[in-house]
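Here is the structure we will look at.
There are 2 protein chains.
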Amino acid sequence: MHSVNLGLIGGGTVGSGVWTTLQRNGPLLGARLGVEFQISRVAVKSLEKARLVEFPESIVTDNWRSVVEDPAVQVVLELVGGKTVAREIAIRALELGKPVVTANKALLSAFGEELFATAARHGTNLYYEASVAGGIPIIKVIRESMVGNRILQIAGIVNGTCNYILTRMKLEGAEFSTVLRDAQRLGYAEAEPSLDIDGHDAAHKTGILASLAHGFWVRPETIHTEGIREVTPLDIQFADRLGYTIKLLGMVKELTWQTGENRGQRAIQIAVYPALVPNRHVLASVNHAFNAIAVSGDVVGETLYYGRGAGAEPTASSVLSDLADAALDLVHGCRRRVPPFVPHAREANLIPMAEVVSRYYVRLLVLDRPGVFAGVANILARAHIGISSIIQPEGHAGEVVPVILMIHDATNAVMQKVLIEIEQLPMIKSKPVMFRVEPFE
Amino acid sequence: MHSVNLGLIGGGTVGSGVWTTLQRNGPLLGARLGVEFQISRVAVKSLEKARLVEFPESIVTDNWRSVVEDPAVQVVLELVGGKTVAREIAIRALELGKPVVTANKALLSAFGEELFATAARHGTNLYYEASVAGGIPIIKVIRESMVGNRILQIAGIVNGTCNYILTRMKLEGAEFSTVLRDAQRLGYAEAEPSLDIDGHDAAHKTGILASLAHGFWVRPETIHTEGIREVTPLDIQFADRLGYTIKLLGMVKELTWQTGENRGQRAIQIAVYPALVPNRHVLASVNHAFNAIAVSGDVVGETLYYGRGAGAEPTASSVLSDLADAALDLVHGCRRRVPPFVPHAREANLIPMAEVVSRYYVRLLVLDRPGVFAGVANILARAHIGISSIIQPEGHAGEVVPVILMIHDATNAVMQKVLIEIEQLPMIKSKPVMFRVEPFE
């Protein structure tokens with residue numbers, strides 16, 4: 229039996245989860261791997277604070293450097309969250325040649341390239357399975373299991389808060405703001421919810437997956453990002469009538485540029501937006517705080533990975549998997565066997581969202597009057613945009629009613645222009661709302 | 229760039245698929261791994277036969293030994309199927325210290341322990357991701373990603389033929405025999421279909437997954453195995469009315485023995501049978517030839533993995549993933565980093581199916597007459613079995629009608645006994661049919 233000493237930095241939810249599960253399943257890990265894990269040092273922010281776990285006094289400190297620099301510590305678990313101290317911890321450990329395991333997607337998204345370079349320079353490794361989609365082993369799957377595939381598409385439900393809100397809106401017909409408040413009360417959403425509901429967290433994760441799939445590091449600011457604030461119960465209900473469920477998706481697509489001077493070139497679209505998913509697709513039945521990621525490869529076809537995207541224990545499961553890899557790599561003397569990231573493509577043809585051809589769901593609020601629709605139809609016709617279906621609930625003359633248009637195949641730029649024109653029509657009573665439709669064909 | 233020479237044995241569907249995809253995506257694999265793969269020798273059964281792929285004459289032979297024993301060949305791909313020659317090939321390669329990649333679940337199921345021991349003795353490795361569920365990376369997931377988890381339950385749709393048949397029966401209301409003939413015509417089912425539709429293929433795969441999860445090698449003959457021949461469109465329709473879909477499941481459950489002298493002990497149930505799956509569960513929406521495996525761990529909670537379970541390309545995707553691992557292990561000098569199988573438990577408490585407590589769906593055909601149900605109710609009451617619901621379509625007096633009972637929590641032994649008693653009642657017009665209900669709570 230080999231023994232591997234760990235330094236745990238962070239005594240919060242994730243750190244405590246890792247501590248507890250390692251106590252519980254340490255013997256099982258030992259039996260499976262031939263490795264005994266020992267958390268020999270723990271660093272927390274403050275020694276005064278009450279914690280989920282009572283760490284033994286003899287090993288706990290509020291000085292992370294003393295843990296990272298302890299010669300006995302062989303692997304560093306960076307589980308503090310945030311980007312500033314977390315970055316210092318990771319860099320210092322890597323500089324000492326120690327492998328780092330992290331669950332920190334914000335850190336990775338912002339400083340991934342610096343961390344990878346530091347790890348390479350010092351002949352060590354960085355493991356980050358827990359940074360995307362909690363307990364779903366999506367990093368290992370894309371990097372190792374699908375290594376023989378060109379990745380054609382990734383479509384991920386990677387933010388549990390948004391999925392929880394959208395699921396409850398669908399099941400209960402409730403308003404976004406009502407469910408959000410409830411989610412905040414239950415701890416599923418932060419008091420400052422923007423990181424989740426405006427899509428930024430999903431963009432961090434989508435960027436990491438896109439990077440692994442396509443071999444160039446994606447900066448989060450290049451990702452077109454929309455959140456779920458504009459989704460109403462009405463949209464969810466109409467989508468269902470049309471056979472769809474609205475989900476916040478992180479999308480990474482390989483596609484062919486269809487307009488302008490790049491026409492015919494291959495390009496990568498990376499974006500986060502609420503989209504209509506066909507009810508027959510497995511993603512549509514991923515409910516509540518669960519995550520799922522559909523990945524299509526040119527060899528394997530469509531695959532999908534489902535599980536809990538957050539929480540102490542699902543995250544701990546991925547941290548333990550990384551720990552196992554780190555320990556095996558140490559024990560077998562192959563620390564860089566699978567590097568954290570292999571850049572193998574140039575900064576590829578990232579297609580701007582404006583140039584992407586999509587299908588759309590559009591909701592208008594119109595004053596119900598004879599001839600009301602001619603204005604809208606004319607604008608669409610002039611832009612050469614086809615309508616695949618219209619739902620117009622019967623209203624009384626003079627009432628304001630919703631009209632739903634399903635539109636196929638127009639660039640996002642053309643759609644933006646058209647929606648601005650439509651908004652100016654006299655019978656249109658509010659800003660048109662538009663969501664993309666993902667056909668999953 | 230490292231170079232790794234492969235010996236490919238088998239020029240059938242899978243062998244050709246691996247050849248073709250390696251030609252196509254070799255450069256991508258090279259960029260990602262820093263390894264250039266070279267299929268330097270190919271062995272086929274007969275040089276005369278027309279093939280999907282034209283292998284270059286200079287490298288092809290009908291003598292597998294010359295390939296396996298060629299000193300230039302570093303990794304052997306055993307893709308011939310069957311158990312006799314395949315076993316010889318694998319054993320010989322392992323004896324020479326060469327890593328073997330196989331897609332052969334029958335081989336593994338029958339001779340797994342011998343192959344693992346041979347690999348260990350000669351300091352080499354055996355890789356078999358493609359042997360279970362085609363393109364789904366379930367071996368790596370259970371062995372590496374869930375390594376920190378006690379595996380509480382595995383529920384797998386692991387036979388594409390059965391799932392194709394059950395899906396079409398549900399969507400079209402068609403009879404089993406009609407769909408089976410059609411599946412045979414389309415190549416989804418063999419002319420001799422028993423291996424698939426009687427559950428044996430699913431049992432091979434379920435045994436491999438159970439072995440990995442629980443750390444003792446499961447012999448297929450210890451797996452209680454039922455197929456789908458008894459499922460009728462009527463059952464599928466009634467199940468749907470009750471909120472369920474019928475799927476052939478490979479089940480591996482950790483449970484508590486509830487009867488007899490072992491009462492209170494932990495035990496493992498391993499079985500294959502058609503079961504009612506709640507429609508709200510993702511497994512219920514896995515259709516046609518797709519596979520999916522739900523795995524619950526004590527740390528991660530419920531996870532699920534979905535993809536194509538067979539076919540040249542999905543299988544090739546898993547073979548390429550194994551090839552990548554084999555090559556990295558060679559290049560980094562860590563050939564036994566993750567051994568093919570680590571026995572870490574004794575031949576555990578395997579619970580016989582008779583002792584397992586399940587829920588049931590029971591279909592009776594009865595002569596519709598006043599008082600018809602008293603006899604059935606008395607038998608169930610005497611056995612202390614509760615009925616959670618009854619569906620009895622209205623018929624005309626004197627007609628033979630189906631009656632559906634949903635029964636909760638009885639051992640399989642008691643149910644067998646009760647069904648035999650019920651069958652002997654005068655108004656029962658055919659052998660009662662019973663399927664288990666998996667609640668996924």
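The listed protein sequences correspond, in order, to chains G and P.
The opening position of the first sequence corresponds to residue 229 in my numbering, with each subsequent residue numbered one higher.
The opening position of the second sequence corresponds to residue 229 in my numbering, with each subsequent residue numbered one higher.
C-beta atoms are modelled at their ideal positions from N, C-alpha and C, and glycine is treated no differently.
Because the structure is a prediction, the values reported are computed rather than measured.
My output table needs one value for residue 381/G: the three-state DSSP class, helix, strand or coil. The count along the first sequence starts at 1 and reaches residue 381/G at position 153. Of the three classes helix, strand and coil, the one that applies to residue 381/G here is strand, per DSSP.
On the criterion of 16 or more Cβ atoms from any shown chain inside 10 Å, does residue 236/G qualify as buried, or is it exposed? The count along the first sequence starts at 1 and reaches residue 236/G at position 8. By the 10 Å Cβ count, residue 236/G comes out buried.
When you compare each of 582/G, 604/G and 584/G to residue 592/G by their alpha carbons, which one comes out closest? If you number the first sequence from 1, residue 592/G lands on position 364. Of the candidates 582/G, 604/G and 584/G, the one whose C-alpha sits nearest the C-alpha of residue 592/G is 604/G.
Check whether the stretch 529-548 of chain G and the stretch 231-251 of chain G touch, using three or more Cβ-Cβ pairs below 8 Å as the test. yes
According to DSSP, what are the bridge partners of residue 269/P? Counting from 1 along the second sequence, the entry for residue 269/P is found at position 41. The partner list for residue 269/P (beta bridge, DSSP) reads 235/P.
Consult DSSP for residue 484/P and reduce its assignment to one of helix, strand or coil. In the second sequence, counting from the first residue as 1, residue 484/P sits at position 256. Strand, per DSSP.
Applying the 10 Å Cβ sphere with the 16-neighbour rule, what's the burial state of residue 634/G? Locating residue 634/G in the first sequence gives position 406, where the first residue counts as 1. Under this definition residue 634/G is a buried residue.
Suppose only complete runs of 4+ residues qualify. What are the alpha helix (DSSP H) ranges in the stretch 620-657 of chain P, listed by chain order? 640-651
Chain-ordered chain P contacts of residue 364/G [CB-CB under 7 Å]: In the first sequence, counting from the first residue as 1, residue 364/G sits at position 136. Chain P residues near residue 364/G: 531.
Is it the case that the stretch 533-541 of chain G contacts the stretch 526-542 of chain P, given that we only count it when at least three CB pairs across the two stretches are under 8 Å? yes
Any chance the stretch 434-442 of chain P sits against the stretch 362-372 of chain P, with 3 or more Cβ pairs inside 8 Å? yes
Minimum C-alpha distance to residue 372/G - residue among 395/G, 485/G, 263/G and 570/G: Here residue 372/G refers to the residue found at position 144 when the first sequence is read from its first residue. For residue 372/G, the nearest C-alpha among the options comes from 570/G.
Name the chain G residues that come within less than 9 Å of residue 443/P, Cβ to Cβ? Residue mapping note: residue 443/P aligns to position 215 of the second sequence, counting from 1. Correct list: 256, 259 and 260.
Under 7 Å from the C-beta of residue 373/G: neighbouring residues of chain P: Along the first sequence, one-based indexing puts residue 373/G at 145. Residues of chain P passing the Cβ test: 365, 368 and 549.
Mapping the DSSP letters down to three states, classify residue 581/P as helix, strand or coil. The sequence position of residue 581/P within the second sequence is 353, counting from 1. In the structure shown, residue 581/P sits in a helix (DSSP, three-state: H, G or I).
Closer than 7 Å by beta-carbon distance: list the chain P residues that pair up with residue 513/G, in chain order. As a position in the first sequence, residue 513/G is number 285, starting the count at 1. Neighbours of residue 513/G on chain P, chain order: 510 and 513.
Jot down the residue ranges of each uninterrupted alpha helix (DSSP H) in the stretch 361-423 of chain G, minimum 4 residues, whole runs only, in chain order. 388-400 and 404-414
Using the rule of at least 16 other Cβ atoms within 10 Å of the residue's Cβ for burial, across every protein chain shown, is residue 628/G buried or exposed? What you label residue 628/G is simply residue 400 of the first sequence in a count that begins at 1. Exposed, by the Cβ-count rule.
When you compare each of 480/G, 263/G and 488/G to residue 380/G by their alpha carbons, which one comes out closest? In the first sequence, counting from the first residue as 1, residue 380/G sits at position 152. Closest option to residue 380/G, Cα to Cα, is 480/G.
Roughly how many whole angstroms lie between the Cα atoms of residue 430/P and residue 421/G? In the second sequence, residue 430/P corresponds to position 202, counting from 1. In the first sequence, residue 421/G corresponds to position 193, counting from 1. Residue 430/P and residue 421/G: Cα-Cα distance of roughly 46 Å.
Within 8 Å, do at least three Cβ pairs link the stretch 473-487 of chain P to the stretch 379-395 of chain P? yes
Can you tell me whether residue 624/P is buried or exposed? The criterion is at least 16 other CB atoms within 10 Å of its CB, across all chains shown. Stepping through the second sequence from its first residue, residue 624/P is reached at position 396. Exposed is the call here.
In whole angstroms, what is the alpha-carbon distance linking residue 671/G and residue 526/P? It is not possible to answer for residue 671/G, since the shown part of chain G is limited to 229 through 669.
Is the beta carbon of residue 356/P less than 9 Å from the beta carbon of residue 332/P? Along the second sequence, one-based indexing puts residue 356/P at 128. Along the second sequence, one-based indexing puts residue 332/P at 104. In this structure, residue 332/P lies closer than 9 Å to residue 356/P by Cβ.
Identify, in the order they occur along the chain, each residue of the same chain with its Cβ nearer than 8 Å to the Cβ of residue 485/P, setting aside the five sequence neighbours on each side. Taking the first residue of the second sequence as position 1, residue 485/P is located at position 257. Cβ within range, chain order: 491, 492, 493, 494, 495, 577, 579 and 583.
Take residue 517/P as the anchor and find which of 432/P, 648/P and 361/P has the nearest alpha-carbon. Taking the second sequence and counting its residues from 1, one reaches residue 517/P at position 289. Checking every option, the nearest Cα to that of residue 517/P belongs to 361/P.
Note down, in chain order, every chain P residue with its Cβ under 8 Å from the Cβ of residue 490/G. Walking along the first sequence from the start, residue 490/G turns up at place 262. Result: empty, since nearest Cβ-Cβ is about 22 Å, beyond 8 Å.
C-beta neighbour in chain P for residue 264/G, strict 9 Å: Mapped onto the first sequence, residue 264/G falls at position 36. Not an interface residue.
DSSP puts residue 475/G in a beta bridge; with which residues? If you number the first sequence from 1, residue 475/G lands on position 247. For residue 475/G, which the question treats as bridged, DSSP gives the partners 503/G.
For residue 605/P, decide whether its Cβ has a neighbour in chain G, counting only Cβ atoms nearer than 9 Å. Counting from one through the second sequence, the residue named residue 605/P turns up at place 377. Judged by the 9 Å Cβ criterion, residue 605/P is not in contact with chain G.
What residue range is occupied by the uninterrupted beta strand (DSSP E) comprising residue 358/G? Here the question's residue 358/G lines up with position 130 in the first sequence. Taken as a continuous stretch (DSSP letters only), residue 358/G belongs to no beta strand (DSSP E), as it is neither H nor E.
Give the DSSP-derived three-state secondary structure of residue 324/G in the structure shown. Taking the first sequence and counting its residues from 1, one reaches residue 324/G at position 96. In the structure shown, residue 324/G sits in coil (DSSP, three-state: anything other than H, G, I, E or B).
Give me, in chain order, the residues of the same chain whose beta-carbon lies closer than 7 Å to that of residue 274/P; leave out the 5 immediate sequence neighbours on both sides. Numbered from 1 along the second sequence, position 46 holds the residue referred to as residue 274/P. Around residue 274/P: 290.
Quick one: grab the DSSP three-state call for residue 560/P. The residue you call residue 560/P lines up with position 332 of the second sequence. It is coil, neither helix nor strand.
Could you list which residues in chain G have their beta carbon closer than 8 Å to that of residue 552/P, in chain order? To locate residue 552/P, count along the second sequence from 1; it is residue 324. Those within 8 Å of residue 552/P in chain G are 372, 375 and 376.
CA-CA distance, residue 407/P and residue 647/P? Looking up residue 407/P in the second sequence gives position 179. Looking up residue 647/P in the second sequence gives position 419. If I take the Cα positions, the gap works out to 29 Å.
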